[in-house]
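Okay, structure first, notes after.
Residue numbers (our numbering): 1 to 282.
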């Protein structure tokens with residue numbers, strides 16, 4: 001019987017996972033640039049290196065270690081992606097979102113996305129956190145292009161509320177309780193790997209973006225297609241091109257993320273516990 005090659009690859013990755021790991025996560029967490037050490041604070045049950053999964057795309061970016069970590073945040077079973085795959089690394093867009101789709105097949109109901117992004121909104125400063133309320137994915141290929149995989153979702157999925165409002169309410173309340181300032185806005189994904197020009201940042205601002213980056217939006221499209229509940233937080237690692245005199249560098253991204261990692265860990269940890277308690281166990 002003929003099978004869609006994207007779904008066939010996903011199925012083989014899932015079988016490889018099942019043969020190696022006996023764990024069902026409730027929440028899937030993607031750890032972005034400079035934020036990978038969050039996993040050091042969870043109760044780890046097991047790990048699975050991306051290289052151990054047949055056909056799995058492997059991250060080549062500094063700061064992205066490249067493995068799934070399975071464990072507990074409090075009493076909540078989670079799977080963490082310690083390192084994501086980016087479109088600019090040369091992978092097909094279906095491979096970029098394969099890790100997200102695999103976590104849904106593992107059993108995860110909620111996808112919690114994090115990233116380090118460039119601030120486009122003049123009210124933002126490096127080290128701020130932004131809760132993603134909407135996104136612009138028009139500058140990267142859609143992972144849904146091609147024959148629809150009916151096993152994953154509908155041909156024409158609704159995108160009117162990609163970032164679940166109930167999850168956003170929980171995270172905002174959590175941030176307030178922790179006295180962590182949390183902005184809210186729209187994330188725009190460019191392809192990368194070059195940082196944007198000042199003119200591209202002006203364009204992004206006109207389009208309504210508050211933060212730009214090189215990940216996340218395509219992942220949210222794939223997860224939404226599969227019916228996952230999605231939330232996301234951007235760490236503002238720098239002001240975008242043309243907004244300061246300093247040239248942009250990946251080192252600055254990692255340094256800023258490291259500086260605010262304590263608050264990030266607290267916010268994500270408590271948000272996961274509250275999402276479980278207030279939404280998933282109801």
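Every residue gets a Cβ at the ideal spot worked out from N, C-alpha and C, and that includes glycine. Since we're looking at a predicted model, the values are computed, not measured.
Asked: Residues that residue 31 bridges to, as DSSP identifies them; Found: 82
Asked: Beta bridge counterpart(s) of residue 77 as assigned by DSSP; Found: 72
Asked: Opposing strand residues paired with residue 16 [DSSP bridges]; Found: Paired residues: none, contrary to the question.
Asked: Of the listed residues 58, 126, 89, 26, nearest to residue 80 (C-alpha basis); Found: 26
Asked: Test: residue 155 CB closer than 8 angstroms to a CB of chain C; Found: The displayed structure is made up of one protein chain only, and chain C is not part of it.
Asked: First and last residue of the uninterrupted beta strand (DSSP E) at residue 114; Found: 110 to 119
Asked: Residue 221 vs residue 137 beta-carbon contact at 8 angstroms; Found: yes
Asked: Unbroken beta strand (DSSP E) run spanning residue 182, endpoints; Found: 182 to 189
Asked: Counterpart residues of residue 254 in DSSP-defined beta bridges; Found: Paired residue(s): none; residue 254 is not in a bridge.
Asked: Assigned exposure category for residue 150 - 16 Cβ within 10 Å defines buried; Found: exposed
Asked: Start-to-end residues for the beta strand (DSSP E) that takes in residue 94; Found: Run containing residue 94: none in the beta strand (DSSP E); it sits in the alpha helix (DSSP H), 93 to 96.
Asked: Straight-line gap, residue 105 to residue 235 (C-alpha atoms, nearest Å); Found: 28 angstroms
Asked: Beta-carbon proximity list for residue 4, same chain, < 7 angstroms, skipping 5 on both sides; Found: 147, 149
Asked: Assumed close pair residue 188, residue 199 - CB separation to whole angstroms, cut-off 8 angstroms; Found: That belief does not hold up - the Cβ atoms of residue 188 and residue 199 are roughly 14 angstroms apart, past 8 angstroms.
Asked: Alpha-carbon to alpha-carbon, residue 94 and residue 6; Found: 7 angstroms
Asked: Residues bridged to residue 224 (per DSSP); Found: Residue 224 pairs with nothing; no bridge assigned.
Asked: Residues near residue 173 in its chain [Cβ-Cβ closer than 8 angstroms; skip 5 each side]; Found: 274
Asked: Simplified DSSP state of residue 237, which is helix, strand or coil; Found: strand
Asked: DSSP bridge partner residues for residue 230 (one or two, in chain order); Found: 111, 163
Asked: Backbone secondary structure at residue 356 - three-state DSSP; Found: This structure gives no information on residue 356, because the portion of the chain shown stretches from 1 to 282.
Asked: First and last residue of the uninterrupted beta strand (DSSP E) at residue 131; Found: 129 to 136
Asked: Per DSSP, the bridge partner or partners of residue 49; Found: 67
Asked: Integer Cβ distance of residue 85 from residue 57, believed to fall under 8 angstroms; Found: 4 angstroms
Asked: C-beta atoms of residue 24 and residue 47 nearer than 8 angstroms; Found: no
Asked: Buried versus exposed call for residue 159 [16 or more other C-beta atoms within 10 Å across all chains shown]; Found: exposed
Asked: Under 8 angstroms between C-beta atoms of residue 285 and residue 178; Found: Within the shown structure, residues of the chain are numbered from 1 to 282, placing residue 285 beyond reach of any answer.
Asked: Opening and closing residue of the beta strand (DSSP E) in which residue 206 lies; Found: From DSSP, residue 206 is part of no beta strand (DSSP E) but of the alpha helix (DSSP H) over 198 to 207.
Asked: Paired residues, beta bridge with residue 6 - DSSP; Found: Partner(s): none; residue 6 has no beta bridge.
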